[in-house]
Amino acid sequence: MQYCQPRSYNRREIHVTDNALSPPPAFDFLGFHDKTFLVMGVANKKSVAYRIALLIEKSGGRVLYTVRSEARRDSLSKLLAGKELIICDVEEQAQIDELARHLTEQGVKLNGLVHSIAFADYPSGIRPFHETTRKQFLQAIDISAYSLINVCNAVKELFANDASVVTIGISTTRMASESYGFMAPIKAALESSLAFLTKSFSRFSNIRFNAVAAGLLKTSASAGIPGYVDSYLYAEKVIPRGKAVKTDEVANTAAFLLSGRSSGITAQSLVVDAGMSINYFDAAVVDAVTSADVD
Numbered sequence: 205m206q207y208c209q210p211r212s213y214n215r216r217e218i219h220v221t222d223n224a225l226s227p228p229p230a231f232d233f234l235g236f237h238d239k240t241f242l243v244m245g246v247a248n249k250k251s252v253a254y255r256i257a258l259l260i261e262k263s264g265g266r267v268l269y270t271v272r273s274e275a276r277r278d279s280l281s282k283l284l285a286g287k288e289l290i291i292c293d294v295e296e297q298a299q300i301d302e303l304a305r306h307l308t309e310q311g312v313k314l315n316g317l318v319h320s321i322a323f324a325d326y327p328s329g330i331r332p333f334h335e336t337t338r339k340q341f342l343q344a345i346d347i348s349a350y351s352l353i354n355v356c357n358a359v360k361e362l363f364a365n366d367a368s369v370v371t372i373g374i375s376t377t378r379m380a381s382e383s384y385g386f387m388a389p390i391k392a393a394l395e396s397s398l399a400f401l402t403k404s405f406s407r408f409s410n411i412r413f414n415a416v417a418a419g420l421l422k423t424s425a426s427a428g429i430p431g432y433v434d435s436y437l438y439a440e441k442v443i444p445r446g447k448a449v450k451t452d453e454v455a456n457t458a459a460f461l462l463s464g465r466s467s468g469i470t471a472q473s474l475v476v477d478a479g480m481s482i483n484y485f486d487a488a489v490v491d492a493v494t495s496a497d498v499d
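Position one of the sequence shown corresponds to residue 205 (this note's numbering), numbered consecutively onward.
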């Protein structure tokens, strides 16, 4: 497989879109018109990354997509028909370097980057945290956290001076949820890196780094985590409105962070959990537990 191999497009298809030919709307809140964003992590139509990309495009922006493999690119051929899909497995340094080379060759200037990539291997289901293997932990942190640092370093020359980078975290990394395995410490590393990236990039730019710390979502990726569905149903019980966070609510927040409207926000994780974190001791839930046969 050729590293970072994009589909074939002529220069007009890559650089000139219908959005670029049309004037911006009278009131463009997000200010995405004629701006370019790299979105990493689209798996299907339920993906957070896909919902963010839709918002960008609907607001007049241009999106370039990276996917992990040829198989993923093929599976997205209908959903993202006519879009540029670049293969970039973040575990392979050569592919990250080729991504930067390809974008440079095309004269791309990035106004923002969406990092929505996470992976954890649970070959025998969720195990006690102390049984996490070195291989599992290091692979998860490489793909889910270090990839943000690595990719941003590779494309740093392509960022606009005021670009915005947004990643997807979780609503709390301090809750030892058994159904989430060892991913909370991984996400903690991801979110902590935002402060250091902000400080490091401030030496030569005003690039901002933030995360949307999402509550439990109904995505294809999360559905594959053992025990996740039960946790999702519990979340709906303790969320004051009685409904879990929607993927589009996370995408809306990410779009805000990508825009100049959030120019005063950097190195932050904005929690989007619909109030779950303030209602763990909801009376109905407490009553249901205490009225059960519990020693």
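The beta-carbon is built from N, C-alpha and C at its ideal position, and this holds for glycine as well.
Opening and closing residue of the alpha helix (DSSP H) in which V489 lies: Here the question's residue 489 lines up with position 285 in the sequence shown. Its alpha helix (DSSP H) spans residues A487 to T494.
Could you give the first and the last residue of the continuous alpha helix (DSSP H) run that contains N357? Mapped onto the sequence shown, residue 357 falls at position 153. Counting along the chain, the alpha helix (DSSP H) containing N357 begins and ends at S351 to A358.
Please classify A298: is it buried, with 16 or more other beta-carbons within 10 angstroms of its beta-carbon, or exposed? Mapped onto the sequence shown, residue 298 falls at position 94. The residue is exposed, with fewer than 16 neighbouring Cβ atoms inside 10 Å.
Can you name, in chain order, every residue of its own chain whose Cβ lies under 6 Å from the Cβ of L462, other than the five neighbours on each side? Here residue 462 refers to the residue found at position 258 of the sequence shown. Same-chain partners within the cutoff: G316, S368 and V370.
S396 and L420: beta carbons closer than 8 Å? As a first step, residue 396 is located in the sequence shown; it is residue number 192 there, counting from the start. As a first step, residue 420 is located in the sequence shown; it is residue number 216 there, counting from the start. Not a contact, by the Cβ cut-off of 8 Å.
Please name the residue in S426, I300 and M387 whose C-alpha comes closest to that of P332. Translated into the one-based positions of the sequence shown, residue 332 becomes position 128. The option with the nearest alpha carbon to P332 is M387.
Give the straight-line distance between the Cα atoms of K249 and V271, rounded to the nearest whole angstrom. What you label residue 249 is simply residue 45 of the sequence shown in a count that begins at 1. What you label residue 271 is simply residue 67 of the sequence shown in a count that begins at 1. Their Cα atoms are separated by approximately 14 Å.
Please specify which runs of the beta strand (DSSP E), each continuous and at least 3 residues long, are wholly inside the stretch 435-476, giving them in chain order. The qualifying runs are 472-476.
Report yes or no: do the stretch 338-346 and the stretch 443-454 share at least 3 C-beta pairs separated by less than 8 Å? no
Can you check whether the CB of T423 is closer than 8 Å to the CB of R412? As a working mapping, residue 412 is identified with position 208 in the sequence shown. As a working mapping, residue 423 is identified with position 219 in the sequence shown. Not a contact, by the Cβ cut-off of 8 Å.
Quick one: what's L268 bridged to in DSSP? Along the sequence shown, one-based indexing puts residue 268 at 64. Residue pairing by DSSP puts L268 in a beta bridge opposite L242.
Would you report the Cα separation of V508 and V493, rounded to the nearest angstrom? For the chain, the structure presents residues 205 to 499; residue 508 sits outside this window and is missing.
By a C-beta neighbour count over all protein chains shown, 10 Å radius and 16 as the cutoff for buried, is E274 buried or exposed? As a first step, residue 274 is located in the sequence shown; it is residue number 70 there, counting from the start. Burial call: exposed.
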